[in-house]
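Here the structure is laid out as structure tokens; the discussion comes afterwards.
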Amino acid sequence: MNDIAQLFGPTIKNYLEFRGSLLSLGFLFLCAWLPVASRNRVHALVGWRFDTIAVFLMALFVAASVIYLAFPGYFDHMEPSVALLGGAMVRGEALYPVAEVFPYHGTVYGPALAHVQMASNHFGLSIIAASKLPGVVAFMAALLLLLLATNRSMISRGYLLLLLPFGAILFWNRAEPFLLLLVCVAIFLGLRKPDGKTLPIMFGVLAGVASALKIHGAIYVFAAWLAISLGTGVSVAALLCFGVGAVAAFFVFFLPQHVSFAGLLSALMNARDQGLSPAMAAQSFAFLVFMNAPVVMLWRGGRLDRRDTVILVLVLALETLVAVLASKPGAGPHHLLPFIPVNALIVQYLHAARPEMNVYLIRVLYASVVCHALLVFAGTLAKPMAVGWQAMAQARAEVAHFDSAYPGLVMGVTDQGGYAYTFFRPLLSARQIDYATFMDLQYTGTGDGEFLERLHACTIPALLMINTGAPFSLGNAYTDRPLFSDDLRTAFAEHYVLAESQRYFSAWTCVPHS
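Below, the structure written as structure tokens:
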């Protein structure tokens, strides 16, 4: 069971591996310094139709996303947390709790994600499939719009290959697929009606929705607008319309009384206190260089007027700003994902100005991305689903059995080896502890005292534990220190006794001391 569990867990953000970006960049620099004869040989080897390859691989990843809908569980530990946001919205619970701590739920995402999850609950699917569906649909719609927006050149459509090493991040239920879709909608509208008078307002609305997903989401749509404006520029009046549309669309999502803007600000302030992670900064800035290599190559090979130069510098500055935000603990290069369509548009514009330019190094970069994408597909999508499907299906059936047999059942945790099996907690009827959110809270100083009190008082009548590892021995992914105190583990040992055990899970019921 441990071998299967290791296929999953809170590592999906590393699907775009630091090593992959570095190896691609290293290969690029190596090929740049090859003798002319060797360069010609390499050029012949990578003379592929990368636009066609990109379409084929996109279809492959779309197929994987559809299969993931039927997969019994989740890949990432935040996916069940996001799934539970829809239920919180339906019940009218505070989306950003301030006073109440236990059961440690909450989010630093904007409220739009919770609205999406609430809407997905009306499709008659199981909560796991329903929570995945919007991300999969957003991913497919974004790809369709990108194919319509980019021409059939090897350079512009081939650049879209850079999306694929993100793997399941492209269609998971978190903010990224929706931000990607909003950027693609902006690009599609901008190219269809470049002189439309209402375009700045529409871009503003898209930006406001993006910030209601992630507070900095407007940056992605603004960067897309700038890329569309190459050759024409942006007026001050258009910027004002953009701002009005963004603010109005953003605050629409705070109309429900239980969605507090002050609560979101409080959550963001707590996240700010986490500081920056050198490891995340290295990964994010490595990918920033990686994704901008084709842009820089084409930029240096052509002549731009001052206005276009200012626009490109501003887009690069926005991407650098987001790379800093992506350097927070638990973040990573996937924060840069929505910029890839923006850069594809820029690459298309720059190459159109100099179609005769030698693109040997860009071909080399795209070839390395194709290899990387295939490895990501095989190692992080196909293998986990093929190897883990049966075990996850059986574990899910056990969770359903225990939920019907033990009212008030709450999912507990053991160690990292069994953590992936706790992702089934949205299937349980009782209100669940959000362990992913508690990692954030503990990192900023919150303790497990309220949980401990409930164990002593037996107000949690039964706990569902995975049959591997010591109870509540999970470490915090941010600090590598224990997530729960020794006192809490002692309270569990003193008050809870084994009631029923199956292959993957066991139910433990509370016996109050006399």
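Residue numbers (this note's numbering): 3 to 516. Think of the CB as a built atom: it goes at the ideal place given N, C-alpha and C, for glycine as much as any other residue.
Span of the alpha helix (DSSP H) around residue i
i, result
"F224", "220 to 230"
"S305", "The question names Ser, but residue 305 is Arg in the sequence shown. Note, R305: premise wrong, no alpha helix (DSSP H); not H, not E."
"F104", "That residue, F104, is in no alpha helix (DSSP H); it is neither H nor E in DSSP."
"G447", "First-last for G447: undefined, no H or E at that position."
"Y161", "156 to 161"
"E178", "178 to 194"
"Q119", "114 to 122"
"V92", "80 to 93"
"P202", "201 to 215"
Same chain, Cβ closer than 7 Å to residue i, five either side skipped, listed in chain order
i, result
"A114", "V211, A214, L215, F255"
"P82", "Y76, F425, R427, P428"
"D417", "G471, A472, S475, L476"
"G160", "F52, D53, A56, Y368"
"F125", "A132, L135"
"L363", "L30, C33, A34, M299"
"C460", "H497, C512, P514"
"F404", "L411, L466, F507, A509"
"Y423", "A7, A397, I468, Y506"
"R309", "G235"
Segment limits, beta strand (DSSP E) that includes residue i
i, result
"L146", "Careful: L146 lies outside any beta strand (DSSP E), inside the alpha helix (DSSP H) at 129 to 151."
"M359", "Careful: M359 lies outside any beta strand (DSSP E) and carries neither H nor E."
"A501", "498 to 503"
"V412", "411 to 413"
CB of residue i within 8 Å of CB of residue j, strictly
i, j, result
"V412", "L465", "yes"
"L500", "F474", "no"
"A85", "I130", "yes"
"A295", "L339", "no"
"L164", "V371", "yes"
"P99", "G108", "yes"
"L182", "A220", "no"
"S329", "A283", "yes"
"L208", "V223", "yes"
"V361", "I157", "yes"
"A397", "Y506", "yes"
"L27", "F292", "yes"
"I171", "L347", "no"
"I217", "L270", "yes"
"V48", "R365", "yes"
"R154", "M80", "no"
"M441", "Y480", "yes"
"M387", "Y111", "no"
"V344", "A229", "yes"
"M91", "M60", "no"
"H458", "A493", "yes"
"A248", "F341", "no"
"P105", "Q434", "yes"
"T439", "N272", "no"
"P37", "W391", "no"
"W227", "F205", "yes"
"Q276", "P331", "yes"
Counterpart residues of residue i in DSSP-defined beta bridges
i, result
"M467", "S508"
"V261", "V261 pairs with nothing; no bridge assigned."
"P484", "G477"
Cut-off 6 Å between Cβ atoms - residues of its own chain near residue i, not counting five sequence neighbours on either side
i, result
"A325", "S286, F287, L290"
"S40", "none"
"V118", "P136"
"L193", "A151"
"F180", "A140, L215"
"N16", "Here N16 scores only 49 on pLDDT, less than 50, and its place in the model should not be relied on; the value that follows carries that caveat. Once the five neighbours on either side are set aside, N16 has no close Cβ partner at all."
"F570", "There is no way to answer for residue 570, as the model of the chain reaches only from 3 to 516."
"A66", "L383"
Residues near residue i in its chain [Cβ-Cβ closer than 8 Å; skip 5 each side]
i, result
"L327", "H218, A333, H337"
Which residue spans inside the stretch 373 to 440 form an unbroken beta strand (DSSP E) run of at least 3? 411 to 413
With a floor of 4 residues, list each alpha helix (DSSP H) that falls wholly inside the stretch 26 to 78, ordered by position along the chain. 38 to 47, 52 to 72
What ranges does the alpha helix (DSSP H) occupy inside the stretch 247 to 296, keeping only unbroken runs of at least 4 residues that lie completely in it? 263 to 274
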